[in-house]
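**Student:**
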Amino acid sequence: MVVSSKDPRENLERFAKIGEGSTGTVCIAHDRSTGRQVAVKKMDLRKQQRRELLFNEVVIMRDYHHPNIVEMFDSYLVNDELWVVMEFLEGGALTDIVTHARMDEEQIATVCKQCLKALAYLHSQGVIHRDIKSDSILLALDGRVKLSDFGFCAQVSQELPKRKSLVGTPYWMSPEVISRLPYGPEVDIWSLGIMVIEMVDGEPPFFNEPPLQAMRRIREMPPPKLKNAHKVSTTAIFPGQNAGTGPIPRATAQELLAHPFLRQAGPPALLVPLMRGAKHTNYNLVVSHLIPVISPEMCLYFFTF
1 MVVSSKDPRE NLERFAKIGE GSTGTVCIAH DRSTGRQVAV KKMDLRKQQR RELLFNEVVI
61 MRDYHHPNIV EMFDSYLVND ELWVVMEFLE GGALTDIVTH ARMDEEQIAT VCKQCLKALA
121 YLHSQGVIHR DIKSDSILLA LDGRVKLSDF GFCAQVSQEL PKRKSLVGTP YWMSPEVISR
181 LPYGPEVDIW SLGIMVIEMV DGEPPFFNEP PLQAMRRIRE MPPPKLKNAH KVSTTAIFPG
241 QNAGTGPIPR ATAQELLAHP FLRQAGPPAL LVPLMRGAKH TNYNLVVSHL IPVISPEMCL
301 YFFTF
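In full-length UniProt numbering, the protein residues as written are 1 to 305.
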């Protein structure tokens with residue numbers, strides 16, 4: 001059974017809404033049975049065009065557990081709403097950091113390493129996330145990074161090794177997804193590469209363009225480059241660039257975890273100052289000397305085929 005038959009209101013109290021999206025609202029609440037604060041996603045099933053995506057997220061979070069994946073405690077049907085109770089990550093989304101702070105190379109490597117651990121685990125289980133972006137990355141107050149938003153996940157297997165569905169968020173989609181070509185876990189690596197650009201430039205490529213136009217450019221143009229390429233170092237290069245004209249296989253999450261760039265990754269505590277800055281600092285007031293030292297070539301390792 002996907003959801004519990006119990007009534008969550010027997011244990012949950014002191015609800016406070018902290019967010020709202022297209023699928024519903026997010027509240028924090030106090031769980032009397034455990035004494036902990038939890039996050040509760042409340043989704044009105046009457047307003048959902050694709051209810052299966054909501055239950056897909058519940059199944060993924062129920063079946064797959066990893067230190068870098070948001071933990072789900074339980075799910076319930078309350079009248080016409082699906083409630084998903086999960087751990088509350090007070091650090092917020094990575095989006096808050098990339099739009100209000102500047103990340104240095106060690107901090108970017110720290111985020112990448114934790115994300116790649118989650119992806120390597122999911123991919124080893126035959127799961128493609130298909131919606132990697134800064135909004136999908138949540139942080140605990142101690143800097144731990146956790147992957148969330150599993151509604152677009154797909155399962156692949158030996159019998160069904162590829163997918164062709166057009167799903168995800170336009171600016172982070174890979175060319176093969178947009179072109180509806182068969183794809184596998186490598187599409188998450190492309191999206192992670194776009195997220196690296198977010199961490200350097202503050203936004204993904206083509207973000208000022210309408211989604212359809214951005215998708216057309218992603219499909220037709222060479223892999224995107226950093227806006228701040230003139231400001232960044234050439235010392236942190238992911239290897240594997242092809243000196244010739246042939247295609248290069250996109251790296252797997254497991255391969256990227258072994259890359260020397262990630263040796264610069266530090267403990268999660270490195271990210272704590274960024275969360276403070278994201279909460280209290282206006283983007284225009286961020287000091288200019290905190291320029292990320294990431295090479296343009298590094299990003300290509302995510303984007304090659």
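Backbone N, C-alpha and C fix where the C-beta goes; we use that ideal spot for every residue, glycine too. Remember, it's a predicted structure, so these values are computed and weren't measured experimentally.
Using the rule of at least 16 other Cβ atoms within 10 Å of the residue's Cβ for burial, across every protein chain shown, is threonine 235 buried or exposed?
**Tutor:** The predicted model places threonine 235 with a pLDDT of 38, which falls under 50 and marks its position as unreliable, so this point remains unresolved.
**Student:** Taking all protein chains shown into account, decide if leucine 166 is buried (16 or more other Cβ within 10 angstroms of its Cβ) or exposed.
**Tutor:** Counting Cβ neighbours within 10 Å, leucine 166 comes out exposed, since fewer than 16 surround it.
**Student:** Taking the CB atoms as reference points, tell me whether alanine 16 and valine 26 lie closer together than 8 Å.
**Tutor:** No; because the gap between Cβ atoms is not below 8 Å, this pair is not in contact.
**Student:** Report all residues from its chain with a CB closer than 7 Å to the CB of arginine 180; omit the five preceding and five following residues, and keep chain order.
**Tutor:** Hits under 7 Å: Lys164, Leu166.
**Student:** What three-state label does DSSP hand methionine 215 in the structure shown?
**Tutor:** In the structure shown, methionine 215 sits in a helix (DSSP, three-state: H, G or I).
**Student:** What distance in whole Å lies between the Cβ atoms of alanine 265 and threonine 169, which are believed to be in contact at a cut-off of 8 Å?
**Tutor:** Not really, about 26 Å apart at Cβ, beyond 8 Å.
**Student:** On the CB-based measure, 16 or more other CB atoms within 10 Å of its CB, does leucine 12 come out buried or exposed?
**Tutor:** Label assigned to leucine 12: buried.
**Student:** So if DSSP puts isoleucine 69 in a beta bridge, which residue, or which two residues, is it bridged to?
**Tutor:** For isoleucine 69, which the question treats as bridged, DSSP gives the partners Leu147.
**Student:** Write down every uninterrupted run of the alpha helix (DSSP H) in the stretch 80-143 whose length is 4 residues or greater and which is fully enclosed by it, in chain order.
**Tutor:** Runs found: 94-100, 105-124.
**Student:** In chain order, what residues of the same chain lie with their CB nearer than 7 Å to the CB of residue 329, ignoring the 5 residues before and after it?
**Tutor:** This structure cannot settle anything about residue 329, because the visible part of the chain is limited to 1 through 305.
**Student:** With distance defined between alpha-carbon atoms, name the residue in Leu139, Leu138, Met72, Asn68 nearest to leucine 116.
**Tutor:** Closest option to leucine 116, Cα to Cα, is Asn68.
**Student:** Mind listing, in chain order, the continuous beta strand (DSSP E) runs of no fewer than 3 residues lying wholly within the stretch 5-47?
**Tutor:** Whole beta strand (DSSP E) segments, 3+ residues: 12-20, 24-31, 37-44.
**Student:** Just tell me which of Val187, Val58, Tyr76, Arg36 has its CA closest to the CA of aspartate 7.
**Tutor:** When each option's Cα is compared against that of aspartate 7, the closest is Tyr76.
**Student:** Would you say the stretch 256-274 touches the stretch 100-109, given that touching needs at least three Cβ pairs under 8 Å?
**Tutor:** With the cut-off at 8 Å, the stretch 256-274 and the stretch 100-109 touch.
**Student:** For lysine 47, does the count of other Cβ atoms within 10 angstroms reach 16, so buried, or fall short, so exposed?
**Tutor:** Per the 10 Å Cβ criterion, exposed.
**Student:** For the stretch 85-97 against the stretch 42-59, do three or more pairs of beta-carbon atoms, one drawn from each stretch, fall closer than 8 Å, so that the two count as touching?
**Tutor:** Verdict: no, contact absent.
**Student:** Please return the same chain residues whose Cβ sits closer than 7 Å to the Cβ of cysteine 153, not counting the five positions on each side in sequence.
**Tutor:** Answer for cysteine 153: Asn56, Ile60, Val127, Ile128, His129, Arg130, listed in chain order.
**Student:** Can you find the residues in the same chain that come closer than 7 Å, C-beta to C-beta, to glycine 151, ignoring five residues on each side of it along the sequence?
**Tutor:** Around glycine 151: Leu53, Leu54, Asn56, Glu57.
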